[in-house]
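Colleague: Here the numbering used here is used: the first residue of the sequence shown is -11, the next is one more, and so on.
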Amino acid sequence: MSAVLPKPQLRGFLAKRIKFHLIGATCTSLGAGLLFKIFYVDRRKKRNAEFHKTYDPEKHFKVMQENGLLESAPL
-11 MSAVLPKPQL
-1 RGFLAKRIKF
9 HLIGATCTSL
19 GAGLLFKIFY
29 VDRRKKRNAE
39 FHKTYDPEKH
49 FKVMQENGLL
59 ESAPL
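(1) Any idea what DSSP makes of K69, helix, strand or coil?
(2) Assuming A20 is part of the alpha helix (DSSP H), what are its boundary residues?
(3) Y28 by DSSP, collapsed to three states: which one?
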């Protein structure tokens, strides 16, 4: 004996699928953006802050000047 198949949904099928996929895409993109901020941007900000705490531009300028990289700024 054959079983009776249910009728397929014809009205509103595309709208329902679009809504489902739009919600999924939005959640995925928000999650990816949050993970990018946490694991990349925040770490980079922290590293840059640590670098600029110990960076001495005058010392760096003198090193470049002594190595002859700055021809317009003689010793």
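Quick reminder that beta carbons are idealized off the backbone N, C-alpha and C, glycines included.
Modeller: Reading it off the structure:
(1) Since the first residue shown for the chain is -11 and the last is 63, residue 69 is missing from the structure and cannot be characterised.
(2) F1 to F24
(3) helix
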